[in-house]
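Under our numbering, the first residue of the sequence shown carries the number 9, and numbering increases by one thereafter. Have a look at the structure below before the remarks.
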Amino acid sequence: MSLVTDLRAALEPFGDADRSEKMRAYLKTEMPMLGVSRPDQKRVFRETFARHVPADRAAWESSALALQAEPEREFRYAAIAWTQGLRKKHLVPASVPLLERLIVEGAWWDLVDDLAVHSVGPIVARHRAELDPILDAWIEHEDLWLRRTAILAQIALKPDQVDEQQLFRYCRAQAADKTFWIRKAIGWALRDHARDRPDPVRAFLAAHGEELSGLSRREASKHL
């Protein structure tokens, strides 16, 4: 039995039509949903994935794309969870094209943010030299979700893994963007960094706060 077939059989008993409509309304999506709660999703993903250990990175990537190709949104969540499985051993620079595809095709916060923080982020932490040129390209990319990912990719990193100047540079590079998603990302990334490094964030806001939107400044200043 294929991974996709096995997962569908495991998820469908937990589907709920009423929950599906509520979830779709909350996410503002027209994509079909089975209506499986997030706790049930996580448990089913974990149990099903344990039965389908990929032979190598190519098989791992092929399975991620097979999950991504299914019509219901829960399978998009499954594709993301799959990238983070096996103790994230397949999250290496060679996997970035796959993650970029999932980000661009996801194109919404519930899919992109998890990828940015928990799939791209671990690669940044372990392979900074290889990822920096990619992030530099993404922060200027026409796709706003890749720009958002570049800003958010360091959120889950340990303080000594964060490139503070890169974060500040990216915030300034996108300061004039008028979309909610970029403005919110800037504020979120600065707010998160301020938990460990409040003084540099204060200094950044004092020097460049007027370049940022009100939303970005408010978010960044929440815990200062």
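Using N, Cα and C, we set each Cβ at its ideal position, and we do this for glycine too.
query: Which residues in the same chain as residue 206 place their Cβ atom closer than 7 angstroms to its Cβ, once the five residues preceding and following it in sequence are excluded?
result: Residue 206 sits at position 198 when you count from the first residue of the sequence shown. The answer, listed in chain order, is 232.
task: Indicate the three-state DSSP secondary structure (helix, strand or coil) for residue 49 in the structure shown.
output: Walking along the sequence shown from the start, residue 49 turns up at place 41. Three-state result, residue 49: helix.
Pull up the CB-CB distance for residue 155 and residue 119, whole angstroms please, since I reckon it's below 8 angstroms. Taking the sequence shown and counting its residues from 1, one reaches residue 155 at position 147. Taking the sequence shown and counting its residues from 1, one reaches residue 119 at position 111. Not quite, the Cβ-Cβ distance comes to about 15 angstroms (not below 8 angstroms), so this is no contact.
Cβ distance (whole Å) where residue 42 is taken to contact residue 20 below 8 angstroms
Here residue 42 refers to the residue found at position 34 when the sequence shown is read from its first residue. Here residue 20 refers to the residue found at position 12 when the sequence shown is read from its first residue. Residue 42 to residue 20, Cβ: 6 angstroms. Contact.
(request) Would you grab the beta carbon distance between residue 11 and residue 58 for me? Rounded to a whole angstrom, and I think it's under 8 angstroms. (result) As a first step, residue 11 must be located in the sequence shown, where it is residue number 3. As a first step, residue 58 must be located in the sequence shown, where it is residue number 50. Not really, about 11 angstroms apart at Cβ, beyond 8 angstroms.
Query - Whole-number beta carbon distance between residue 159 and residue 193, since they are thought to touch under 8 angstroms - result: Start at 1 with the first residue of the sequence shown, and residue 193 comes out as number 185. Start at 1 with the first residue of the sequence shown, and residue 159 comes out as number 151. At roughly 4 angstroms, the Cβ-Cβ gap stays under 8 angstroms, so residue 193 and residue 159 are in contact.
_Start-to-end residues for the alpha helix (DSSP H) that takes in residue 69_ = Position 61 of the sequence shown, counted from the start, is the residue given in the question as residue 69. It spans 65 to 76 - the alpha helix (DSSP H) in which residue 69 sits, taken as one unbroken run.
- Item | Cβ-based burial, residue 157 [other Cβ within 10 Å; buried from 16] | By 1-based counting over the sequence shown, the position of residue 157 is 149. Buried, since its Cβ has 16 or more Cβ neighbours within 10 Å.
### Message
Classify residue 122: buried if its beta carbon has 16 or more other beta carbons within 10 angstroms, exposed otherwise.
### Response
Position 114 of the sequence shown, counted from the first residue, corresponds to residue 122. With 16 or more other Cβ atoms within 10 Å, it is buried.
>> Using only CA atoms, which one of 219, 179 and 166 lies nearest to residue 129?
In response: As a first step, residue 129 must be located in the sequence shown, where it is residue number 121. Among 219, 179 and 166, the Cα nearest to that of residue 129 is on 166.
* Would you decide whether residue 103 is buried or exposed? Buried here means 16 or more other CB atoms lie within 10 Å of its CB. => As a position in the sequence shown, residue 103 is number 95, starting the count at 1. By the 10 Å Cβ count, residue 103 comes out buried.
* Can you tell which of 149, 203 and 168 has its C-alpha closest to the C-alpha of residue 181? -> As a working note, residue 181 is residue 173 in the sequence shown. Checking every option, the nearest Cα to that of residue 181 belongs to 149.
Whole-angstrom distance between residue 144 and residue 54, CA atom to CA atom: Here residue 54 refers to the residue found at position 46 of the sequence shown. Here residue 144 refers to the residue found at position 136 of the sequence shown. C-alpha separation (whole angstroms): 34 angstroms.
8 angstroms contact criterion, which residue 132 and residue 162 should meet: CB distance rounded:
Residue mapping note: residue 132 aligns to position 124 of the sequence shown, counting from 1. Residue mapping note: residue 162 aligns to position 154 of the sequence shown, counting from 1. Taking 8 angstroms as the upper bound for CB-CB distance, residue 132 and residue 162 are in contact here, some 6 angstroms apart.
Practice item. Would you mind working out which of 227, 91, 81 and 175 sits nearest residue 37, comparing C-alpha positions? Key: Within the sequence shown, the letter at position 29 stands for residue 37. Ranking the options by Cα distance to residue 37, first place goes to 81.
- Under 8 angstroms by Cβ, that's how I've got residue 199 and residue 221 pegged, so tell me the actual separation to the nearest angstrom. Along the sequence shown, one-based indexing puts residue 199 at 191. Along the sequence shown, one-based indexing puts residue 221 at 213. The Cβ separation is near 14 angstroms, so there is no contact.
What does the Cβ neighbour count give for residue 94, buried or exposed, with the cut at 16 atoms within 10 Å?
Residue 94 sits at position 86 when you count from the first residue of the sequence shown. Exposed, because fewer than 16 other Cβ atoms sit within 10 Å of the Cβ of residue 94.
Drop a sphere of 10 angstroms on the beta-carbon of residue 56, count the other beta-carbons inside from all chains shown, and report buried for 16 or more, exposed for fewer.
As a position in the sequence shown, residue 56 is number 48, starting the count at 1. Residue 56 should be labelled buried.
Is it right to say residue 44 is buried, meaning 16 or more other beta carbons lie within 10 angstroms of its own, or is it exposed? Within the sequence shown, residue 44 is the residue found at index 36, counting from 1. Result: buried.
Cα-Cα separation, residue 47 to residue 40: Locating residue 47 in the sequence shown gives position 39, where the first residue counts as 1. Locating residue 40 in the sequence shown gives position 32, where the first residue counts as 1. Their Cα atoms are separated by approximately 19 angstroms.
- Message: Less than 8 angstroms between the C-beta atoms of residue 76 and residue 87, yes or no?
- Response: Here residue 76 refers to the residue found at position 68 of the sequence shown. Here residue 87 refers to the residue found at position 79 of the sequence shown. Going by C-beta atoms, residue 76 is nearer than 8 angstroms to residue 87.
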